[in-house]
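Student:
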Amino acid sequence: MEQLTLDMAIQAAEANALVEKRVHAKRIDVNAVGRVYSGRPGCMCGCKGTYKVAPQYLDWANKDRGYPYTDEDGDISMRSVTRIVNKMNQYPELLEWADDGQYAFLELETRVYCAYFANYDRRVVKA
Ligand SMILES: [Zn+2]
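For the sequence shown, numbering that gives the first Met the number 0 begins at 0 and goes up steadily by one.
#1: Which one of E108, Y56, L107 and A8 has the shortest CA to CA distance from S76?
#2: Note down the Cα distance separating A114 from D70, rounded to an integer number of angstroms.
#3: In this structure, does DSSP put T109 in helix, strand or coil?
#4: Residues near ligand 1, CB to any non-hydrogen atom under 5 Å, in chain order?
#5: Sort Y50, D58, A53 and Q89 by Cα distance to V22 and report the nearest one.
#6: Can you give the Cα-Cα distance for V80 and E19, rounded to whole angstroms?
#7: Can you give the Cα-Cα distance for G45 and V111, rounded to whole angstroms?
#8: CB-CB under 6 Å to Y50, same chain, minus the five flanking residues each way: which ones, in chain order?
#9: If you count every other CB in all the chains shown that lies within 10 Å of the CB of L5, and 16 or more means buried, which is it?
Right under this line is the structure:
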């Protein structure tokens, strides 16, 4: 009984810590996102998922990829970008942030997501 009480206290403390972490964790600002990736874990070339581009950052995304996105592939979609970012922001405590501010990454059991910031040049402090 003593042990059970201790275990319960530890569980409650851990649950509180998780809630605290969630509350204070950084969220992704969708307005800074140039493109997002959603796919199955593994290769991120696009063979296991798709990239979606924010229309306002199309030029940036084209340069970032090296060749142009086209609307006929349905790759240019703010609706899709917003949907993925909202999904990622549901797990703020699990987001991994690149040190240079280039992207935020989320890995769930069966899916990985990545949000690439189009304005990272302005975030990186140049020497
Ligand atoms: Zn691949």
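C-beta: ideal position from N, C-alpha, C; glycine also.
Tutor: This is what the structure gives:
#1: Per the Cα distances, Y56.
#2: The alpha-carbon atoms of A114 and D70 are separated by roughly 19 Å.
#3: DSSP, read as helix, strand or coil, puts T109 in coil.
#4: Cβ-based neighbours of ligand 1 within the cut-off: C42, C44 and C46.
#5: Of Y50, D58, A53 and Q89, the residue nearest in Cα terms is Q89.
#6: In this structure, the straight-line span from the alpha carbon of V80 to that of E19 is close to 27 Å.
#7: A straight line joining the alpha-carbon of G45 with that of V111 spans about 12 Å.
#8: The residues are R34 and Y36.
#9: Counting Cβ neighbours within 10 Å, L5 comes out exposed, since fewer than 16 surround it.
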